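Report on the structure given below.
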Amino acid sequence: MRHATKRHIYLQAIFALAAALAMTTVACSSEQGAPAKKTGTAGAAAGELDGDSGTAATHGTGDVGTTGVGGIAESESGGLAVDSVVYYDPSGLTPEQIFSRKQEIGNGLLGDLVRSDIRSARGETLYYTGAGQDTLREQLHVLVNNRAATLDADTLEGDRQFARVIRLADFEVDWSRRLGVLNFRFDRNGRETSARLEGYVDENMRFTVGSVYRHPYIEAEAACMDISGGCRTVHVRVKDASTGKIRTAHLLARHTNATLYIEGNEPGVSKNPEYDRLMSILLKTVKNPSSYNVVNKLTITTSETIGGASAFAVRMGFRLLDQTGKYVSDAMQFTGPLVKPQASDQALVGANVSSHLTYINGVAVPVSGRIVETVRGARLLKNDGHGNLQLEVTVRNVALGGAEDRVVLTIARIHTPTMAVRIQAN
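For the sequence shown, my numbering begins at 120 and goes up steadily by one.
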């Protein structure tokens, strides 16, 4: 039986202030098992990511296990960032090389293992993990446990309960107004609740939002942790007064750039027009990234609550030309629990697929034919506990007699250097 020829597409998305999207395509035959052969390289293209604007940094790539070297670019705080703006840049590495690094940087589990209520497809118990390569998670683990030793039993149990109900948390900073925004999702009285809180970012790169004295009775102090003066990683101490007593939790939220590796059948193999459309967009991104019908944004957001849950959100943006000849922005988001077994990276757990609003000339409008409408499901295949994920995405097939097809996405975080913890435990 003849095996389908595969085209492996490697997309490297590097976003500093503006988006620089550099890509290579690699074609190989699964029939012959031949080594991959490079067939072409696309140049960098400018674009916007989450409202950032400015000059894109240029990044080199270190050898496996070394620190990636960055260029000089404007920092998010308005100054000049020094050379080497990343700890480790996975650009140019294969998924196998990325996930093999767990032996160097650990398995992503920490201290008192936080067991989730989720099991893998193999029936394995899964634990919440970290999402970075720095030591912030370890520092916070010590901080929280030192505080716990000073608390009475009721306060300690309240803190532990609060940590367990915090779900995904993310953030953004509007540097034009120095306004920091924290978004929380948590369970309260058996229902999922969300809160969006804003506060001024001071000269020490900290901001306080909300109040324990008014609805939704949430207060948080956040510290930007980037050495470069930016705010891609924040440490948050959050307090909740909804029960009548103050409960405290600590978490890390990270919103960074990533590289994206895509593996799947080349267009035409599976006789799936919707799958072919997605793969054609990826191929056009390689050949003409500044054009339309291309990928133009990629970010990974994670949150890690000490003593509680960890979660991820991967966002892909598209610049499309619709059937009426209008340029539209489309987006697709994958979210799920950041979990893994104790002894391996094989998570094998379902993920959620959702979309954001589509905008035309700055106005949100309904758009038919969105890419997310063609995706039937997704699952998290791998998680190394250090910001590297692998997702399997299933694309439906509306053609008579056609088969669904799958694409495997490896999302590898581009890490930013961080400083030591600056917020106290209380």
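All residues carry an ideal CB built from backbone N, CA and C; glycine is no exception. All values reported here derive from a predicted model rather than from experimental measurement.
Cβ-Cβ distance between residue i and residue j below 9 Å
i, j, result
"R325", "F305", "no"
"I400", "F437", "yes"
"A428", "L245", "no"
"T327", "E340", "yes"
"D359", "Y332", "no"
"L228", "Q442", "no"
"L499", "G444", "no"
"F303", "A288", "yes"
"K334", "I425", "Correcting the residue identity first, residue 334 is His in this sequence and not Lys. The answer is no: Cβ separation not under 9 Å."
"M398", "L417", "no"
"R489", "D449", "yes"
beta-carbon residue i near the ligand ADP non-hydrogen atom, thresh 8 Å
i, result
"R333", "Summarising the ligand content, the structure contains no ligands, and the ligand ADP is consequently not present."
Contact set for residue i: own chain, Cβ-Cβ below 7 Å, skip 5 residues either direction
i, result
"P214", "Y380, Q509, T529"
"Y411", "R438, L439, L440, Y446"
"N502", "T248, L457, V458, K459, D464, A466, L508"
"I542", "E340, A342, H354, R356"
"T537", "D253, L255, M344, D345, I346, T352"
"G198", "Residue confidence for G198 is low, a pLDDT of 37 falling below 50, so the modelled location carries little weight; the figure read from the coordinates is stated next. Within the same chain, G198 has close Cβ partners G348."
Backbone CA spacing between residue i and residue j [nearest angstrom]
i, j, result
"D169", "D271", "Caution applies to D169, whose pLDDT of 33 falls short of 50 and renders its modelled position unreliable; the model cannot decide the point."
"A259", "L371", "A small fix is needed here, since residue 259 is Leu in this sequence, not Ala. Each residue's alpha carbon lies about 9 Å from the other."
"A470", "M451", "13 Å"
"D293", "G299", "6 Å"
"S347", "T375", "13 Å"
"N415", "A267", "45 Å"
"H534", "E257", "17 Å"
"E423", "N516", "36 Å"
"D236", "M344", "31 Å"
"Y394", "S409", "22 Å"
"V433", "L275", "34 Å"
"G504", "G251", "7 Å"
"K364", "L316", "21 Å"
"S361", "V491", "37 Å"
"R220", "L212", "11 Å"
"S474", "F431", "15 Å"
"V540", "G349", "15 Å"
"C147", "A518", "Bear in mind that a pLDDT of 33 at C147, under 50, signals an unreliable position, so the number given afterwards is only what the model happens to contain. Those two C-alpha atoms are separated by around 27 Å."
"R296", "A314", "21 Å"
"R310", "V284", "10 Å"
"R234", "D273", "22 Å"
"G189", "Q280", "Reliability fails at G189, whose pLDDT of 28 lies under 50, so the model's placement of it is uncertain and the value that follows must be treated cautiously. If I take the Cα positions, the gap works out to 42 Å."
"N407", "N308", "51 Å"
Presumed contact (8 Å Cβ cut-off) between residue i and residue j, rounded CB distance
i, j, result
"L575", "V263", "A question about residue 575 goes unanswered here, because the residues of the chain that appear run from 120 up to 545."
"R373", "T312", "With 8 Å as the limit, R373 and T312 do not qualify as a contact, their Cβ atoms being about 23 Å apart."
"G383", "R525", "7 Å"
"G329", "E322", "Between E322 and G329 the Cβ distance is about 21 Å, and since that is not below 8 Å, they are no contact."
"N391", "E523", "7 Å"
"V527", "S239", "Going by Cβ atoms, the distance from V527 to S239 rounds to 17 Å, so no, they are not a contact pair."
Chain-order list of residues whose beta-carbon lies under 6 Å from that of residue i (same chain, five-residue window excluded)
i, result
"I217", "P209, N507, A531"
"T378", "Q131, P209, S210, A531"
"A544", "L262, R266"
"G496", "T513"
"K403", "N412, V413"
"T367", "D278, K358"
"T269", "none"
"E291", "V300"
"L232", "Y246"
Close Cβ partners of residue i (< 8 Å) along its chain, the five nearest in sequence each way excluded
i, result
"V494", "M451, V472, V512, T513, V514, R515"
"R241", "Q465, L467"
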